[in-house]
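Each remark here refers to the structure printed beneath this line.
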Amino acid sequence: MKSVELTINGKAVSRKVEPRQLLVDFLREDMRLTGTHVGCDTSQCGACVVHVDGKPVKSCTALVVQLDGADVKTIESLAADGEELHPMQEAFRQNHGLQCGFCTPGMVMSALGLLDQNPDPSETEIREWLEGNICRCTGYHNIVKSIQAAATTMAATNK
Ligand code: FES
Ligand code: FES
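Counted the way the working numbering counts, the sequence shown spans residues 1 to 159.
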């Protein structure tokens with residue numbers, strides 16, 4: 001076992017972990033942050049995307065021991081239970097950007113990573129960015145619309 005110290009959704013966490021433990025399993029099983037999903041075992045689906053030090057990362061591709069000192073944010077960091085949704089979540093809700101919702105946490109965290117570096121992306125840029133995120137339900141059109149709507153709201157509200 002190895003000791004790691006991380007910040008997860010703003011809280012300091014100190015744990016001993018197996019060197020082989022993946023970040024996604026640590027988040028879901030040890031931290032009980034089950035909003036981060038596992039949709040494949042080939043690093044393709046993007047359902048597991050979280051932010052590590054401000055950048056979107058597939059948490060099924062990272063070992064916790066590699067992340068000592070890192071700042072990790074999951075979908076749960078965006079809005080507390082019963083509180084107002086983050087503008088990106090609200091845009092997905094309003095624009096029917098989800099059906100079953102399985103891919104949605106990863107989509108939302110990926111989309112926020114895009115807007116961090118490109119606050120006004122074109123449709124093509126959004127579609128290219130989402131190449132690492134698979135949705136089996138929506139056909140992507142409403143996901144793209146959701147991200148465009150969120151970009152407009154976030155630019156207007158400075159969120
Ligand atoms: S579970 Fe990580 S990419 Fe599918
Ligand atoms: S909404 Fe069902 S997989 Fe995307």
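The beta carbon of each residue, even a glycine, is placed where N, CA and C say it ideally should be.
Quick caveat: nothing in here was measured; it's all calculated off a predicted structure.
Let me know the secondary structure DSSP gives residue i once reduced to three states.
i	result
Asp-71	strand
His-37	coil
Thr-61	coil
Taking the C-alpha atoms as reference points, what is the distance between residue i and residue j?
i	j	result
Gln-94	Ser-146	8 Å
Gly-46	Ala-70	20 Å
Ile-179	Glu-125	No answer is possible for residue 179: it lies beyond the span of the chain, which begins at 1 and ends at 159.
Glu-90	Ala-150	8 Å
Leu-67	Leu-130	25 Å
Lys-16	Asp-81	29 Å
Met-1	Ser-14	13 Å
Considering only residues of the same chain and omitting the five flanking positions on each side of residue i, which have a CB-CB separation below 7 Å?
i	result
Phe-92	Leu-98, Thr-104, Val-108, Ser-146
Thr-34	Arg-28
Cys-60	Leu-22, Val-24, Val-38, Ser-43, Cys-48
Is residue i near ligand 2, with its Cβ less than 7 Å from a heavy atom?
i	result
Cys-104	Note on residue identity: the sequence assigns Thr, not Cys, to residue 104. Yes; taking the cut-off as 7 Å, the Cβ of Thr-104 has a heavy atom of ligand 2 nearer than that.
Using a Cβ cut-off of 8 Å (strictly closer), state whether residue i contacts chain D.
i	result
Leu-115	Here chain D cannot be found, since the structure has a single protein chain.
Which same chain residues, not among the five before or five after residue i, have their C-beta less than 6 Å away from its C-beta?
i	result
His-86	Leu-78, Ala-79
Does the distance between the C-beta of residue i and the nearest non-hydrogen atom of ligand 1 fall short of 7 Å?
i	result
Ala-47	yes
Gly-39	yes
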